[in-house]
Each structure stands twice: as structure tokens, then as C-alpha cells.
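Report on the structure given below.
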Amino acid sequence: APTAAPTATPTAAPTTLLSTCPTHNGSTTVGFRALSEVVPSRALSEAGSGSDSGSGSGSGSVGSGSGSGRTEAYTHTVVVELVLAGTVATVCTPTTLDGIKALMAAEIPGVEASDMSTTCQAASVKVTLDINVPDDVQVSTVTGAVNTQLSSAAAATSFFSSLGVTVTSSPAVNIVVIIEAPPLPPMPPSPPLLPYAGIQYLELVFAGTVATVCTPYIITCLKNLIAIEMEGVAIHNIEDTCAAASVKMSLAITVPNGVSVAMVTSVLNTKFTTTAIGNAFLTPLNDLILLEDPLVNGAVVPTSIWPNCDCDSFVNGLTTDAIGSEGCAKDEVHGLQGVQTLCSPTTRPYIPYLDEGCPSDMYRCKVTHTAPMFPACACSEYHNGAVSGSGNTCQKIGTSTCYARNYGGDKKIGDWEYYGCPEGMFRCS
Numbered sequence: 543a544p545t546a547a548p549t550a551t552p553t554a555a556p557t558t559l560l561s562t563c564p565t566h567n568g569s570t571t572v573g574f575r576a577l578s579e580v581v582p583s584r585a586l587s588e589a590g591s592g593s594d595s596g597s598g599s600g601s602g603s604v605g606s607g608s609g610s611g612r613t614e615a616y617t618h619t620v621v622v623e624l625v626l627a628g629t630v631a632t633v634c635t636p637t638t639l640d641g642i643k644a645l646m647a648a649e650i651p652g653v654e655a656s657d658m659s660t661t662c663q664a665a666s667v668k669v670t671l672d673i674n675v676p677d678d679v680q681v682s683t684v685t686g687a688v689n690t691q692l693s694s695a696a697a698a699t700s701f702f703s704s705l706g707v708t709v710t711s712s713p714a715v716n717i718v719v720i721i722e723a724p725p726l727p728p729m730p731p732s733p734p735l736l737p738y739a740g741i742q743y744l745e746l747v748f749a750g751t752v753a754t755v756c757t758p759y760i761i762t763c764l765k766n767l768i769a770i771e772m773e774g775v776a777i778h779n780i781e782d783t784c785a786a787a788s789v790k791m792s793l794a795i796t797v798p799n800g801v802s803v804a805m806v807t808s809v810l811n812t813k814f815t816t817t818a819i820g821n822a823f824l825t826p827l828n829d830l831i832l833l834e835d836p837l838v839n840g841a842v843v844p845t846s847i848w849p850n851c852d853c854d855s856f857v858n859g860l861t862t863d864a865i866g867s868e869g870c871a872k873d874e875v876h877g878l879q880g881v882q883t884l885c886s887p888t889t890r891p892y893i894p895y896l897d898e899g900c901p902s903d904m905y906r907c908k909v910t911h912t913a914p915m916f917p918a919c920a921c922s923e924y925h926n927g928a929v930s931g932s933g934n935t936c937q938k939i940g941t942s943t944c945y946a947r948n949y950g951g952d953k954k955i956g957d958w959e960y961y962g963c964p965e966g967m968f969r970c971s
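Numbered according to my numbering, the sequence shown spans residues 543 to 971.
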């Protein structure tokens, strides 16, 4: 029987899966879906992922199987959800459920009642009708009939009037695509056993289930995505375990001799600093979603190992927008303000114990800045366009004469923002 598989980004028609893993380098623009998805047919989309249809089961539901003797493959399943008035005892009877299938089959050429299955749930009574579309039937034929006869609660009630049932809300119609699982990318040959420099561990907790996450395809592509970032490290250097708890995946990266352990650690620390950063890195793997901060070598990556910069002024393109991120700082004597802490962007990635990623005369730190407080203006005269209460005012020392600042814009450069007063004046507000 066909098996469920991730699909490509939804398009006007179903898209088959690629046999290669998606990456960040742009060579593969279509990824895959790791988790199940259905797409509303009323939105004219026929992409999604799905599973082989069958009879419903479980507590609180009554299933009606298809009993189909067909041998041909199904390409899609059109799922119709109906909310009916009444109770399970009065609605979920073989007569009613078989009648629903018979009425729908009469509207869809090439589809028989035996191609359908129903699931009946106690809540409100909710009936789910799965219409399996044979490969010689157009999906549009099925959705056209469904959307015509079941366009609203009133239309659906009228259509099923011979069964004596009442539909209480507009039916929901979805399409599920049935495709084969993609082939795994070719695995590189395992090299002879060589000495290794160390082992780095990465623990990730994903949304979903073992069945949807811990597949050979997803695990192989995840290893590939990580290995690409580490020169000298290959897929076969990464061992995995995938546990059912929430889904928890552990990766052990064996660092070959001659490859920097610090480089591998830096990549892991950079790409898996937080849940958000990890999810951004995993974007090519679409629905692979982290639920918790990753653990690198058994611990959450520290995000505040650097001292605060306490920047006075910002240079080389760094602005106050960078507050909270990492930058480089140094103290420098300024003619008007004395010693100032100047902050600029980092120039290289951080490599633990080897390189802070800053120029040799600067140190790495967490960008912080406290805006200065200005004294109240005591102006009796205003010149050069100065306006009382504007905040962009310079007062001449020893007088009550005030002038407009040399510029009034916000350059986001810290204290240097406030050097708009000529010599012999001070900034006031």
C-alpha cells in the first residue's frame, strides 16, 4: 500500500519529493515536509502530505471501512468533515454512513462507495468521510462534486435529506496527497578507522512523533545540514539516537584527527544557541521544529558569557539597534568628553579559547548603552531656529542664550549623537 511521505512546498499540482537533501546554499530550493499536513481544497491547492486511508477506530468513534476490492493505487484522499445533529446512536448507523457514501459515489464518476471510509465521533456528532481517488480519476472531479453538493450546511442537509440527517455547520473539505517516500541520498563510503580528536554531543527536542521525525531520510538530511558547516566532518562521523520522549534526538559528532574540535564546538554553539536560532538553521528541513533550547555537550549554550560593553559611542556601522547582541569595544580619549568606550561590530566568528572575533586592540562584549541625562535649559533667548521644549537645544555656558543643535536627527550612535553643540555650549533639554 502507498505510504505517507513529506511533500514539497504546496503548488498548483502535487510535487514529488527530491532525492537530495535541502541545504542553505540555494542549490535545492524545494525542501520537504516532515510532519503531516492537509491543505484546504477550497483554496485550490492540491499539495500536502497524507496517509493511506482506512477505517476509523479508537474510543468514542465508530468506523465504517471500505471493503474495497480494488487493486489500483490511490493518488489522493479527499477528506470531508460533517457535523450532524443528533447522537452517535441515531446518526452513526450503518444505514446512515453507507447512505452518505452511496450518495457521494453517485455524484463522482469513477469513484465507488467501496473507495470511501467513514469515521464517526461522538463530539457533536462529527462524521469524517474519506474519499480515496483512484489514479484514473481526476481530483478536480471529486472536489468539484463535493464542493457543489456540500458548499454549505444548508446545501449538505438538502443533499442528505433522504437519510433524514441535518448538517449543523459548513463541511470542511481537505485534500491529502499520497506519495511514495523519497529515496535516501547516497551515503559516502565509510573511511578506515582513524584516530579522532574528540567527540561533541548535540541534543535536540523536536515537535512531532518518532514516526514523523525519526525517519532515515530526515535523520540523514539533518546530519548532512550540520556536516556541511564543519570542514573535515562527514555524515558518517555523526551518530544518532532518537527517543520517543517529545522526540529527543542525540547526535555524537566524532571529530577526525586534524580537524579542530574548537571549530566544531563553535559551529554547534553558533547554529544551536537557542531554540529560535536552531529553528532558523533548520529552515531547509521545513517542519522540523525545536521545542527546547539545544544542549551542546550536555549544557545549554551560554548566551551571556561576555561582559557588558557599556558603550558610550558607536562606530563603524554599529548603532544602538545592536543593543543586546555581541560587539567589540575599546576605551579611547575624546577631546570633549574625556575617556569614551567606543563599540563597533565583530569582525570574525567567535572560536572558544582561540579567537574572540575582534580587532587586536578591542575586546568582545555584550552591547549595552545608557543614554545620558541632560540638565534642564534655562533660556531667555533663542537663536538659529531654537524652540523652547524641543530637546534639540544648546545653551551657551554662563548665559541664558540658547541655540539649535547643529543637527536634529537620530543617528543611533550613542553619545556622539549629542555632540551637536558648538564649543562653549552644553546640551540641555
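Ideal Cβ positions, reconstructed from N, Cα and C, are used throughout, including at glycine.
Note that the coordinates shown come from a computational prediction; the quantities given were computed from them, not determined experimentally.
Within the stretch 782-813, the runs of beta strand (DSSP E) at least 3 residues long that lie entirely inside it are, in chain order, 790-798. In the three-state scheme derived from DSSP, where H, G and I count as helix and E and B as strand, Leu-896 is classed as coil.
Remark: C-beta atoms of Val-929 and Cys-885 do not approach each other more closely than 9 Å. Around the CB of Ser-922, fewer than 16 other CB atoms lie within 10 Å, so the residue is classed as exposed. Take the alpha-carbon of Val-875 and the one of Ser-855: they are about 12 Å apart. By the Cβ test, the stretch 619-627 is in contact with the stretch 707-716, since at least three Cβ pairs between them sit closer than 8 Å.
Linking Leu-639 to Ser-659 through their CA atoms gives a straight-line distance of about 9 Å. Taken in chain order, the complete alpha helix (DSSP H) segments of 4 residues or longer contained in the stretch 622-651 are 630-633, 636-649. Each of Gly-628, Ser-694, Val-681, Ser-682 was checked against the Cα of Cys-662, and the nearest Cα belongs to Gly-628. Cβ-Cβ distances below 8 Å link Ser-942 to Ala-920, Cys-921, Ser-922, Glu-923 in the same chain, with the five nearest sequence neighbours on each side left out; the list follows chain order.
For Val-775, the three-state secondary structure derived from DSSP is coil.
Here Leu-767 really is in contact with Leu-827; their C-beta atoms are around 7 Å apart, less than 8 Å. Cβ-Cβ distances below 8 Å link Met-772 to Ile-795, Val-801, Met-805, Val-806, Val-809 in the same chain, with the five nearest sequence neighbours on each side left out; the list follows chain order.
For the pair Gly-869 and Val-909, the CB atoms are nearer than the 9 Å cut-off. Between Glu-781 and Leu-793, the C-beta gap is smaller than 9 Å, which places the two residues in contact. Judged by beta-carbon spacing, Met-967 lies within the 9 Å limit of Gln-937, meaning their Cβ atoms are closer than that value. Membership of Gly-880 in the beta strand (DSSP E) is indicated by the continuous run 880-886.
By the criterion of a C-beta distance shorter than 8 Å, Thr-861 is surrounded in its chain by Lys-953, Lys-954, Ile-955, once the five residues flanking it on both sides are discounted. Look at Phe-823 here: in three-state DSSP terms it is helix. Per DSSP, the beta-bridge partners of Tyr-945 are His-925, Cys-936. Only residues of its own chain outside the window of five on either side were considered, and among them Arg-969 have a CB closer than 6 Å to the CB of Tyr-960, listed in chain order. Closest by C-alpha distance to Val-752, out of Pro-914, Asn-779, Cys-784, is Cys-784. Assignment of Lys-765 by DSSP, reduced to helix, strand and coil, places it in the helix class. In summary, Arg-947 is buried, with 16 or more beta-carbon neighbours lying within 10 Å of its beta-carbon over all protein chains present. Per the DSSP secondary-structure output, Gly-869 pairs in a beta bridge with Cys-907. In the three-state reduction of the DSSP assignment, Ser-855 falls in the strand class, which pools E and B. Excluding five sequence positions before and after Leu-837, the CB atoms of its chain that fall closer than 6 Å to its own CB belong to Glu-745, given in chain order.
Looking at the DSSP output, Pro-914 sits in no beta bridge, so it has no partner there. With a 10 Å radius around the Cβ and a threshold of 16 neighbouring Cβ atoms, Val-881 comes out exposed.
Here the alpha carbon of Arg-890 sits roughly 14 Å from the alpha carbon of Ala-871. Residue state for Gly-966 is assigned as coil, using DSSP reduced to three classes.
One alpha carbon belongs to Thr-816, the other to Leu-830, and they sit about 15 Å apart.
Between the beta-carbon of Thr-699 and that of Val-709 there is about 5 Å, and that keeps the pair under the 8 Å contact cut. With at least 16 other beta carbons inside 10 angstroms of its own, Thr-685 counts as buried.
Note: Ser-659 is bridge-paired with Asp-672 in the DSSP secondary-structure output.
Per DSSP, Gly-686 is one residue of the alpha helix (DSSP H) stretching across 681-691.
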